[in-house]
Amino acid sequence: MPLVEGEYQFACTECDEGSVQVLHGPDDDDEDCEPQLVWEQCEDCRGEGIVYVDEKEAAEWIDGGYTPLRSPADA
Ligand SMILES: [Zn+2]
138 MPLVEGEYQF
148 ACTECDEGSV
158 QVLHGPDDDD
168 EDCEPQLVWE
178 QCEDCRGEGI
188 VYVDEKEAAE
198 WIDGGYTPLR
208 SPADA
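Residue numbers (my numbering): 138 to 212.
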């Protein structure tokens, strides 16, 4: 899939390949219910594990020490 000019891809920092662990519970109605971790789709990358940013935002990511998975220069 060719990137649009100015578009960069980074691995999402909020999740593990598109999934995030979320703590559920305990349920107020059930005292025996233990809180548990469940996997949910990451909202930042919509479950893709990859975020797409424009050039300006990419510069901030790179400043923060992240390396783009893909950049327009790779195309
Ligand atoms: Zn994510």
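Beta carbons: idealized from backbone N, C-alpha and C, even for Gly.
Taking Cys149 as the centre and dropping the five residues before and after it, the same chain places the C-beta of Gly155, Cys179, Asp181, Cys182, Glu185, Gly186, Ile187, Val188 closer than 8 Å to its C-beta, in chain order. Listed in chain order, the non-local C-beta contacts of Tyr145 below 6 Å within the same chain comprise Val190, Ala195, Pro205, Ser208, local neighbours out to five positions each way being set aside. Residue pairing for Ala148: DSSP places it in a beta bridge opposite Ile187. Within the same chain, Cβ atoms closer than 7 Å to the Cβ of Tyr203 are found at Phe147, the five residues on either side in sequence being excluded. Residues of the same chain with a CB within less than 6 Å of the CB of Val157, apart from the 5 flanking positions on each side, are Glu177, Cys179 in chain order.
Around the Cβ of Cys170, a 10 Å sphere holds fewer than 16 other Cβ atoms; the residue is exposed.
The beta carbon of Gly162 lies closer than 8 Å to those of Cys170, Glu171, Pro172, Gln173 in the same chain, with the five residues before and after it left out.
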